[in-house]
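First comes the structure, then the notes that go with it.
Numbering (the working numbering), first residue to last: 52 to 246.
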């Protein structure tokens, strides 16, 4: 069973995706969503049209392409107004080409997204692009802060990790069976000495 936040995100994501499609494809939808998209329906459609070509066009939407987020939805807190306005802003929506039945393989990573929004901001001075850059910086900072237990593990286990980095598969097998790494190192030294 999904926890309440996961269930909330699932429902919200679905609701917003439907609203986005209606807004762009049908040119209308609930006016409540328009401020979050940050653009009128006709110009949103133009924004998407700029990303289409001979291979993907309006006639093959949903069979050859779909709407996708540059910074994925998972990086936004859908309970926060500011995050909703960034997540669903037209500048964060792109055309995703490919076989839609397969797993998403064309995902834009956050580093690429940062480059994309930095370039757009530098060339256009668009305030939403600046907010996207700030959001990515915030995400990067939160990922770095959460790494301290990982850093501690590496520091506390430095001797051990350095000692086992050249272990053979047989030696790892012995280690996994419960033999201490120090005993394995002693055996290595004895083998070197007496061959």
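Positions of the beta carbon are idealized from the N, C-alpha and C atoms, including for glycine. Keep in mind it's a predicted model, so treat the numbers as computed, not measured.
Look up residue 228 in the DSSP assignment and say whether it is helix, strand or coil.
coil
For residue 145, which residues of its own chain have a beta-carbon under 7 Å away from its beta-carbon, when the five flanking residues on both sides are left out?
102, 119, 121
With 16 as the cutoff for other CB atoms within 10 Å, does residue 162 come out buried or exposed?
exposed
Whole beta strand (DSSP E) runs in the region 131-183 with 3 or more residues, listed along the chain?
144-148
Which of helix, strand or coil does DSSP assign to residue 119?
strand
Whole angstroms are fine: how far does the CA of residue 204 sit from the CA of residue 69?
About 44 Å.
Residue range of the alpha helix (DSSP H) that residue 206 falls in?
199-207
Measure how close the beta-carbons of residue 172 and residue 181 come, nearest whole angstrom, since I'm counting them as under 8 Å.
Approximately 5 Å separates the beta-carbon atoms of residue 172 and residue 181; this is inside 8 Å, confirming the contact.
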